[in-house]
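A.B. asks: Protein chains in written order, with our numbering: chain A, 410 to 856; chain B, 410 to 856.
Written as structure tokens, this is what we have:
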């Protein structure tokens with residue numbers, strides 16, 4: 410009998426735990442879920458005979474090592490910056506290690522060691538990164554096999570609210586880590602467009618979105634991620650003219666979010682003075698001129714050269730940024746204040762469903778003709794537990810774990826799911842869960 | 410006979426060296442000028458019998474210690490980040506240490522040690538910081554002694570080109586470290602306005618200037634420095650409603666500089682791709698949309714929502730940012746490319762003269778009346794050697810050195826020139842060199 414250790418029993422682990430328990434008897438394994446909060450871990454096992462919950466603290470080396478030693482495979486759902494010590498234990502104990510988070514520079518240095526240890530270290534095997542790699546590489550490999558020459562590649566993902574549940578002015582709620590949403594895009598953005606490298610400073614990012622359309626689901630805005638060139642080599646796209654990775658939101662989001670960026674409200678580098686006695690309105694006023702004759706609303710509109718009445722102002726006002734209520738924090742950076750304000754309003758209601766949208770655009774030359782294809786995938790959450798996010802992040806890890814333990818995935822060393830040996834079986838099984846890409850042709854651009 | 414060691418014989422040391430040599434016989438001291446470039450150091454001594462040039466490398470501990478040991482007083486004109494080891498030698502050898510640069514956190518930690526060693530460590534004794542501290546404190550102390558209650562304090566300094574020599578579209582040339590000019594203001598800006606803390610993100614900084622007027626010298630723009638609250642305690646201004654420190658430029662500068670900020674050209678955090686084969690025009694295009702139907706000029710105007718013809722575009726074009734010439738660098742950050750472009754154009758000609766403008770605004774209550782006073786100082790350079798910058802940075806150090814060696818300045822420990830014992834004699838002698846503040850009343854603000 411094999412043993413799986415899953416570390417981190419948060420929201421995104423729910424579907425993964427179900428999957429692993431469903432296969433536990435047939436595949437003959439046990440699942441240990443380790444978390445600081447044993448009760449939460451326990452509750453997600455629903456009394457399944459093959460499941461066990463355990464106290465796990467990644468900062469206790471002996472406990473960590475002991476837990477790893479009992480396992481054949483470890484799946485980490487911890488925040489990315491906590492992965493390193495856990496992975497080092499897996500290397501020492503020769504235990505496979507799977508996670509959905511990015512390959513960091515430190516982890517890249519351990520690639521040789523992973524190979525020598527004869528274990529699989531599978532990273533970036535969730536949604537984004539994860540399903541994006543798999544689906545893009547499946548298509549790109551297919552195109553290249555047919556003799557196509559890839560000219561352009563763009564890819565977008567968004568964690569959103571499902572149609573019918575998005576009736577707030579932003580058409581957005583938090584379905585994932587709020588802090589990451591508040592800080593998204595900070596630094597410089599870099600991509601390639603028609604053979605030219607392009608750079609966008611953070612303060613212009615939310616003014617440079619692209620409008621996209623997904624049949625049956627309508628329009629979206631895609632704004633670029635920080636480094637679109639990161640996977641040029643892994644995807645074999647070093648020479649394509651256009652390479653772009655972006656994030657999806659509903660129309661109108663970017664321009665309204667840009668108000669926060671322009672004001673400086675997403676800054677996380679300094680603590681504000683006198684937060685303890687500050688109201689939401691005073692917070693907003695901190696970023697505007699002093700002027701006793703104008704309201705904060707009027708100053709904001711004038712500062713950002715907007716009409717007094719417009720859809721950005723409506724979104725801002727709806728969030729409460731002009732309210733005279735106290736913020737209720739003792740110390741905070743602007744970004745922390747903004748996160749608190751957003752968390753009060755962008756909350757998923759018990760009956761809300763979330764939605765994942767992923768979209769790839771391929772432009773290629775085949776038999777002398779230029780073809781433009783868009784492939785899009787939409788996954789809707791079942792309920793508050795089985796969210797689209799939990800499905801798309803968790804299931805690739807669950808399927809990969811099963812394949813490894815059933816000896817159907819023989820790759821070893823540090824791997825991301827860009828290889829056919831990984832993406833073929835994973836994509837095949839993922840279709841059972843609604844992870845299906847629909848393709849259609851795109852019109853050539855005007856001009 | 411006393412010995413002065415002056416380290417760093419660059420442009421800003423010229424006037425200081427003259428001053429120290431002029432007083433050498435009467436005050437009975439010798440001056441040793443240490444520099445990596447002995448020839449430059451030698452040339453500035455003009456064969457004076459009390460002067461000597463020596464090779465000095467701050468990174469050679471034995472050499473450094475030996476040079477310090479022979480001195481009674483060290484003046485450092487090195488870049489600020491090189492001060493620490495030199496100061497540590499001064500502490501060990503009990504030698505006074507004077508410099509114009511800011512008190513860093515590391516140096517602040519050595520305050521007790523300086524007191525125990527019985528030496529004076531006088532920092533921030535140049536122009537800004539330096540003459541700003543002295544002149545502001547002289548006035549503030551005088552006002553407080555007369556019973557005034559200080560309500561507002563603003564201070565501005567600018568290193569500019571003298572009237573008659575400023576005939577380029579920017580009315581600006583480099584009279585000081587170009588890199589500092591390119592990177593100025595990065596981070597968040599913080600000040601207090603009428604009792605409210607105000608914050609400006611970097612990308613809005615050059616849109617938030619204030620217009621100022623100096624009699625006989627016309628109009629200036631003042632944009633805020635990063636942390637205006639830094640000297641609140643040192644100046645005894647913890648409770649004033651408005652506290653603001655800024656930098657002066659000629660009108661039109663800020664809006665044109667903002668173009669660089671908006672495009673991301675002042676970013677020093679990443680190296681651009683393919684710089685080696687890039688033209689100035691391609692550099693500009695890197696920050697704009699890809700569009701084969703529009704010129705870079707038209708895209709820039711559209712991107713920043715400007716008229717196609719306007720004074721910002723003229724300034725940008727004059728600098729050559731649309732030129733098809735190669736940049737001629739192998740690797741560079743955007744800020745390094747921009748610096749190169751500016752250095753080609755903002756160069757002081759042999760006959761040009763520079764100008765220092767300093768301006769303080771005081772608002773105070775005295776005998777029930779609110780008074781508004783502006784004090785301004787303008788110093789013009791004599792020629793390319795005796796620049797206004799070299800005079801105002803160097804002379805305060807020279808005068809302070811003389812006072813220390815003549816036992817007329819008995820303060821010990823870490824000191825900045827906010828104390829009457831320092832600012833009174835320094836300001837008195839500085840008037841001989843044209844450092845004179847003219848005061849006049851200001852109108853109350855409209856509204």
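For every residue, glycine included, the Cβ atom is placed at its ideal position computed from N, Cα and C.
Near residue 480(B), what residues of its chain come up, given a Cβ to Cβ distance below 6 Å and the 5 sequence neighbours on each side ignored?
C.D. replies: Contacts found: 412, 414 and 504.
A.B. asks: Rounded to the nearest angstrom, what separates residue 450(B) and residue 625(B) at their Cα positions?
C.D. replies: Each residue's Cα considered, the two are about 38 Å apart.
A.B. asks: Which same chain residues, not among the five before or five after residue 696(A), have their C-beta less than 6 Å away from its C-beta?
C.D. replies: Counting only Cβ-Cβ distances below 6 Å, and skipping sequence neighbours, we find 672 and 673.
A.B. asks: So with CB distances below 9 Å, who are the chain B contacts of residue 613(A)?
C.D. replies: By Cβ distance, chain B contributes 612, 671, 672, 673, 696 and 712.
A.B. asks: Let me confirm a value: residue 658(A) is counted as buried when at least 16 other C-beta atoms fall within 10 Å, else exposed. Which label applies?
C.D. replies: Residue 658(A) is buried by the Cβ-count criterion.
A.B. asks: Answer yes or no: does any C-beta atom of chain A fall closer than 8 Å to that of residue 683(B)?
C.D. replies: It does: the Cβ of residue 683(B) has a partner Cβ on chain A nearer than 8 Å.
A.B. asks: For a contact defined as C-beta to C-beta under 7 Å, what are the partners of residue 699(B) on chain A?
C.D. replies: 602, 603, 605 and 607, listed in chain order.
A.B. asks: Is the Cβ-Cβ distance between residue 857(A) and residue 779(A) less than 8 Å?
C.D. replies: With chain A represented from 410 up to 856, any question about residue 857(A) goes unanswered, as that position is not in the structure.
A.B. asks: Could you tell me the alpha carbon to alpha carbon distance between residue 735(B) and residue 730(A), rounded to whole angstroms?
C.D. replies: Near 48 Å, if we compare the C-alpha coordinates of residue 730(A) and residue 735(B).
A.B. asks: Measure how close the beta-carbons of residue 669(B) and residue 579(B) come, nearest whole angstrom, since I'm counting them as under 8 Å.
C.D. replies: Actually they do not touch by this definition, with Cβ atoms about 12 Å apart.
A.B. asks: If you draw a straight line from the C-alpha of residue 562(A) to the C-alpha of residue 627(A), how long is it?
C.D. replies: Cα to Cα, residue 562(A) sits roughly 21 Å from residue 627(A).
A.B. asks: Between the C-alpha atoms of residue 795(A) and residue 717(B), what's the straight-line distance to the nearest angstrom?
C.D. replies: Distance between the alpha carbons of residue 795(A) and residue 717(B): 54 Å.
A.B. asks: Under 7 Å between beta-carbons, which chain B residues line up against residue 678(A)? List them in chain order, please.
C.D. replies: Within 7 Å Cβ-Cβ: 597.
A.B. asks: Please check if any C-beta of chain D sits within less than 8 Å of the C-beta of residue 827(A).
C.D. replies: Included in the structure are the protein chains A and B, with no chain D among them.
A.B. asks: Under 8 Å, do residue 857(B) and residue 569(B) count as touching if we go by C-beta distance?
C.D. replies: As displayed, chain B neither begins before 410 nor continues past 856, which places residue 857(B) out of reach and without an answer.
A.B. asks: Please go through the same chain and pick out, in chain order, the residues whose beta-carbon is closer than 8 Å to the beta-carbon of residue 700(B), but skip the five residues on each side of it.
C.D. replies: Hits under 8 Å: 708.
A.B. asks: Taking contact to mean 3 or more Cβ pairs, one atom from each stretch, closer than 8 Å, check whether the stretch 519 to 533 of chain B and the stretch 452 to 460 of chain B are in contact.
C.D. replies: Too few Cβ pairs lie closer than 8 Å, so no.
A.B. asks: Between residue 775(B) and residue 557(B), is the Cβ-Cβ spacing less than 8 Å?
C.D. replies: Yes; because the gap between Cβ atoms is below 8 Å, this pair is in contact.
A.B. asks: Quick check on the DSSP output: what are the complete alpha helix (DSSP H) runs of length 4 or more inside the stretch 410 to 434 of chain A, in order along the chain?
C.D. replies: For the stretch 410 to 434 of chain A, whole alpha helix (DSSP H) runs of length 4 or above, ordered along the chain, are 423 to 431.
A.B. asks: In the DSSP assignment, the beta strand (DSSP E) including residue 596(B) goes from what residue to what residue?
C.D. replies: Premise fails: residue 596(B) is in no beta strand (DSSP E) and is neither H nor E.
A.B. asks: Output the residue ranges of the alpha helix (DSSP H) runs that lie fully inside the stretch 778 to 847 of chain A and measure 4 residues or longer, sorted by chain position.
C.D. replies: Whole alpha helix (DSSP H) segments, 4+ residues: 797 to 814 and 829 to 839.
A.B. asks: CA-CA distance, residue 517(A) and residue 805(A)?
C.D. replies: C-alpha separation (whole angstroms): 21 Å.
A.B. asks: Are there three or more Cβ pairs, one per stretch, closer than 8 Å when the stretch 594 to 608 of chain B is compared with the stretch 629 to 636 of chain B?
C.D. replies: These segments touch.
A.B. asks: Contact between the stretch 541 to 549 of chain B and the stretch 639 to 654 of chain B: three or more CB pairs below 8 Å?
C.D. replies: Result yes; three or more Cβ-Cβ pairs closer than 8 Å.
A.B. asks: Based on DSSP bridge pairs, tell me the residues matched to residue 772(B).
C.D. replies: Its beta-bridge partners are 561(B) and 781(B).
A.B. asks: Along the chain, which unbroken stretches of the beta strand (DSSP E) at least 3 residues long are found entirely within the stretch 611 to 689 of chain B?
C.D. replies: Listed in chain order, the complete beta strand (DSSP E) runs (minimum 3 residues) inside the stretch 611 to 689 of chain B are 619 to 623, 627 to 633 and 651 to 658.
A.B. asks: Between the C-alpha atoms of residue 703(A) and residue 513(B), what's the straight-line distance to the nearest angstrom?
C.D. replies: Cα-Cα distance, rounded: 40 Å.
A.B. asks: What residues in its chain sit with their C-beta under 6 Å from that of residue 426(B), if we drop five residues either side in the sequence?
C.D. replies: Around residue 426(B): 453.
A.B. asks: Measure the Cβ-Cβ separation of residue 824(A) and residue 813(A) and say whether it is below 8 Å.
C.D. replies: Taking 8 Å as the Cβ cut-off, residue 824(A) and residue 813(A) do not qualify as a contacting pair.
A.B. asks: The alpha helix (DSSP H) spanning residue 519(B) covers which residue range?
C.D. replies: Counting along the chain, residue 519(B) falls outside any alpha helix (DSSP H), and DSSP gives it neither H nor E.
A.B. asks: Between the alpha carbons of residue 444(B) and residue 788(B), how many angstroms are there, rounded?
C.D. replies: Residue 444(B) and residue 788(B): Cα-Cα distance of roughly 28 Å.
A.B. asks: For the putative contact between residue 565(B) and residue 530(B), defined by C-beta atoms under 8 Å, what is the C-beta separation to the nearest angstrom?
C.D. replies: Actually they are not in contact, since the Cβ atoms of residue 565(B) and residue 530(B) sit about 28 Å apart, beyond 8 Å.
A.B. asks: Put residue 765(B) into one of helix, strand or coil per three-state DSSP.
C.D. replies: In the structure shown, residue 765(B) sits in a strand (DSSP, three-state: E or B).
A.B. asks: Rounded to whole angstroms, how far is the Cβ of residue 757(A) from the Cβ of residue 615(A), which I believe are closer than 8 Å?
C.D. replies: Incorrect: roughly 23 Å between the Cβ atoms, too far for contact.
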